[in-house]
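Residue numbers (this note's numbering), protein chains in the order written: chain A, 1 to 554; chain B, 555 to 899.
Here is the structure we will look at, set down as structure tokens.
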């Protein structure tokens, strides 16, 4: 009896696929399931503490309020913007379309800091507004739940915008025409035709926003002030030597995320409409002169708001450290901040760390996810459903929870318990990045492979190609757009990662985001901003590389 | 295909180049965890490396509570060699958890019993009085709160900014001292909790780190805070922030800031050299002159210390704090504060 026959399955191919999936499943069990089980196991005995702590109950409530409000705010910005840009033609449209994606180039912590410079009590926009309106007091305070939702709306509407735009591009305008022909008014058309067809796009992006906002760490960490959310509460408990309580908080956060995921899936399933056809561009030029001018002005204003955080970071990155005190803008400028990054060993290390760790994690993600997606898409075997669920699972687990799980699992050398010591070593962060990005890369690669005609591979085999030849010449080329997109997303996320890093970093592998925090701590706003600008630059370079790779493919 | 190979080659070469640049010089790296701030740490780093060119000091500047958490988390695989700075309560806690390695410095007899661990696990380096700090451009010296009871006066409602005490050794020490004092004097923590509730009522915001704290005091987002004297003096004199301090009349916790070698260090000899270096008489005097620290060693001639320290030490009335009580219950009190007092005043 061979192992393959023991694995079950009807044909040899099926058993082979199960055998191939086994190492993938084992890795997932070890790096995803086991850490979460460790956290849950560690939480036993502390649940009473959690339930009786008013601050934890408040944190849970706040986390959910913030997540829901961020979804509402992102939809309110993203949906109209997508309509405006895909349906109408007006002066400034191209510029606005390019600028609409800018918030995606702002790593989490960097975005928060730029908002502090712009909209904080002494921020530039705050001061300008105060002067223009002639107010005695500052017009607003950037703290509390409002501030968190504000920055979430700015950074997360991009998901909604992208999803809905894509939905609208594929949208069949003949359906609209049919509705008009049948006598439907504008409103009726919107509620009965357009929005139902966009439901998958809206629901998908809303879910993405919900997840990101629920696990968001940097905004509450920096502006939170008195506001407590679960992700920061976890770190607080850990700092206060209450690791058991931190495990409970982690479990609660993960459960909320999974509950959110299931709720969205259920909502989505209830209203699923499939748009026929491939759609057609139906952009209408705006004809009225005043509307054109109005739209152009509005577009200009929106572009300004979108680009200001980046500009502010670049501006402050040239500010002399320590010179900027009470003035509205930094009074003295220098290029020393940048020169320092490249010449001082201690300042260069974080940059090198971030790049190396994100490349390593992305490479591992690619190998793992291409294999996984290949099996999921092209093979039928027992365990396929399981593999599919497991590769998507890390997505439902917020970054802080992933980090705590790894902390609970890889903290000692105990082979009998399946534990190896990675905490305190370089490798813990690449592992965390790898785990966090599995769903992202899998999804991208699977998407590409699903568009491949499955009979092509067997055709190649039938024509005498070896398995490896068929994979190399047929499967991989088909997967390439997904590979490029997945690699880009994974690299970008890993290079600016903050949430898991702050829990797991050590001096030897400290990434850029942690160094930014350290520089802020020592009052070096210029250096912190230089790091931030560099991070934005890295993200742009990666996006550009992916673009070039994509165009070469065609 | 060719393009792909070329692309792969470039990517690999770039990675190799980046990795290659991490090949260190052949100096031994000594890792120091410290909350003492970039200026003081850089100064000692330069001086130390001048004296010992074969050692590369790398320090990590973070809040003292974060250091405890890190050292605890890394206990199986220690990353730090020396832990330089944090109130002694934090060191006492770490000593209980067996995270420190005993070392008896050459000047061990020059500090009083309460300023070192009985088993030599840590020794005091600086004395840190806690003070009331205020924006001196916004509040004249005489109108600033003169004592702990003044800070919680309703007239300062919304004017107080406090460093988030969960991550701050300094704030934990102040809060802990208030509660410990209440227990010693009345047998119950209630009086301390009441004071903290009133402080919370006056507090506009709990901020993430000292930088934001100074920034907000400077920009008058808040006018008053509780902090330690050396850091306030440093910000006033070296950074030029318009802040000043009042030494509380009724007495103030005089924290002992300490140093220790981390258990499991792989660079014991280097760690001992650094330990001795930063606590030498010369280094302590430099710290007092340049970085406004008050040396804990009693064998340093008082008249060689800066005048401001001599005057300040005369004004300071140390608040008696039961260290055992603190070491045992501080975490529990802080948890109580976090759940029942923060945002409830």
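From the three backbone atoms N, C-alpha and C, an ideal C-beta is built for every residue, glycine too.
Give every residue of the same chain whose Cβ lies closer than 8 Å to the Cβ of residue i, excluding the five residues on either side of it in the sequence, and list them in chain order.
i              : result
residue 603(B) : 609, 610 and 611
residue 456(A) : 474 and 478
residue 125(A) : 118, 119 and 308
residue 607(B) : 581
residue 42(A)  : 243, 244, 247 and 408
residue 914(B) : What is shown of chain B runs 555 to 899, which leaves residue 914(B) out entirely.
Looking at C-alpha atoms only, which residue of the options is the closest neighbour of residue i?
i              : options                           : result
residue 595(B) : 583(B), 688(B) and 614(B)         : 614(B)
residue 375(A) : 394(A), 52(A), 82(A) and 442(A)   : 442(A)
residue 852(B) : 770(B), 740(B), 838(B) and 649(B) : 838(B)
residue 504(A) : 534(A), 426(A), 542(A) and 481(A) : 426(A)
residue 227(A) : 66(A), 467(A) and 102(A)          : 66(A)
residue 517(A) : 350(A), 318(A) and 23(A)          : 350(A)
residue 569(A) : 85(A), 531(A), 42(A) and 87(A)    : With chain A represented from 1 up to 554, any question about residue 569(A) goes unanswered, as that position is not in the structure.
residue 213(A) : 244(A), 502(A), 154(A) and 178(A) : 154(A)
residue 355(A) : 265(A), 513(A), 546(A) and 177(A) : 513(A)
residue 167(A) : 414(A), 311(A), 204(A) and 109(A) : 204(A)
residue 27(A)  : 106(A), 423(A) and 364(A)         : 364(A)
residue 803(B) : 593(B), 763(B) and 872(B)         : 872(B)
residue 896(B) : 676(B), 715(B), 695(B) and 597(B) : 715(B)
residue 438(A) : 367(A), 548(A), 219(A) and 333(A) : 367(A)
residue 20(A)  : 159(A), 414(A), 485(A) and 381(A) : 381(A)
residue 29(A)  : 392(A), 471(A) and 547(A)         : 392(A)
residue 743(B) : 783(B), 647(B) and 886(B)         : 886(B)
residue 670(B) : 689(B), 829(B), 646(B) and 688(B) : 646(B)
In this structure, how does DSSP classify residue i when only helix, strand and coil are distinguished?
i              : result
residue 759(B) : strand
residue 814(B) : strand
residue 714(B) : strand
residue 333(A) : strand
residue 111(A) : helix
residue 561(A) : Only positions 1 to 554 of chain A appear in this structure, which leaves residue 561(A) out of reach.
residue 781(B) : strand
residue 420(A) : coil
residue 122(A) : coil
residue 615(B) : strand
residue 348(A) : helix
residue 689(B) : strand
residue 828(B) : helix
To the nearest whole angstrom, what separates the beta carbons of residue i and residue j, a pair I think is in contact under 8 Å?
i              : j              : result
residue 295(A) : residue 90(A)  : 4 Å
residue 876(B) : residue 724(B) : Not a contact, Cβ separation roughly 19 Å.
residue 640(B) : residue 699(B) : Not a contact, Cβ separation roughly 27 Å.
residue 756(B) : residue 710(B) : 5 Å
residue 147(A) : residue 223(A) : 4 Å
residue 454(A) : residue 378(A) : 6 Å
residue 404(A) : residue 411(A) : That pair is no contact at about 11 Å.
residue 406(A) : residue 431(A) : 6 Å
residue 230(A) : residue 620(B) : The pair is not a contact, with the Cβ atoms about 20 Å apart (cut-off 8 Å).
residue 93(A)  : residue 764(B) : Their Cβ separation, rounded to whole angstroms, is 47 Å, which puts residue 93(A) and residue 764(B) out of contact at 8 Å.
residue 536(A) : residue 310(A) : 6 Å
residue 797(B) : residue 689(B) : 6 Å
residue 370(A) : residue 483(A) : 7 Å
At the 8 Å Cβ level, is residue i part of the contact set with chain E, yes or no?
i              : result
residue 764(B) : Among the protein chains of the structure shown, namely A and B, there is no chain E.
Using a Cβ-Cβ cut-off of 7 Å (strictly less than) and excluding sequence neighbours within five positions of residue i, which residues of its own chain qualify?
i              : result
residue 843(B) : 860
residue 251(A) : 39, 40 and 43
residue 515(A) : 350 and 531
Taking 6 Å as the limit between beta carbons, can you name the residues of its chain near residue i, skipping five residues before and five after?
i              : result
residue 712(B) : 758
residue 824(B) : 582, 584 and 609
residue 314(A) : 533
Under 7 Å from any heavy atom of the ligand NAD, does the C-beta of residue i make it?
i              : result
residue 644(B) : Looking at this structure, you won't find the ligand NAD or any other ligand, since it has none at all.
Exercise. Using 8 Å as the threshold, is the region 136-149 of chain A in touch with the region 202-211 of chain A, meaning 3 or more CB pairs across them?
Worked result: Proximity of the region 136-149 of chain A to the region 202-211 of chain A falls short of the contact definition, fewer than three beta-carbon pairs being nearer than 8 Å.
For this session: Kindly confirm or deny that the region 464-474 of chain A and the region 428-444 of chain A touch, where touching means at least three C-beta pairs closer than 8 Å.
Result: With the cut-off at 8 Å, the region 464-474 of chain A and the region 428-444 of chain A do not touch.
Problem set entry | Touching by the beta-carbon criterion (3+ pairs, under 8 Å), the region 780-789 of chain B and the region 656-663 of chain B | The region 780-789 of chain B, when compared against the region 656-663 of chain B, does not touch it at the 8 Å Cβ threshold.
Exercise. Do three or more CB pairs link the region 47-55 of chain A to the region 256-264 of chain A at distances below 8 Å?
Worked result: Per the Cβ contact rule, the region 47-55 of chain A is not in contact with the region 256-264 of chain A (fewer than 3 Cβ pairs under 8 Å).
Exercise. Is there contact between the region 671-686 of chain B and the region 801-815 of chain B, where contact requires at least three CB pairs shorter than 8 Å?
Worked result: They touch, by the three-pair rule.
Exercise. Do three or more CB pairs link the region 375-389 of chain A to the region 489-504 of chain A at distances below 8 Å?
Worked result: With a cut-off of 8 Å, the region 489-504 of chain A and the region 375-389 of chain A do not count as touching, because too few Cβ pairs lie within range.
Exercise. Does the region 715-732 of chain B come close enough to the region 815-835 of chain B that 3 or more CB-CB pairs lie under 8 Å?
Worked result: They do not touch, by the three-pair rule.
Exercise. Would you call the region 389-403 of chain A and the region 229-238 of chain A touching, i.e. three or more CB-CB distances under 8 Å?
Worked result: They touch, by the three-pair rule.
For this session: Decide yes or no for the touch test of the region 127-138 of chain A against the region 60-77 of chain A: beta carbon pairs closer than 8 Å, at least 3 of them.
Result: No contact exists between the region 127-138 of chain A and the region 60-77 of chain A.
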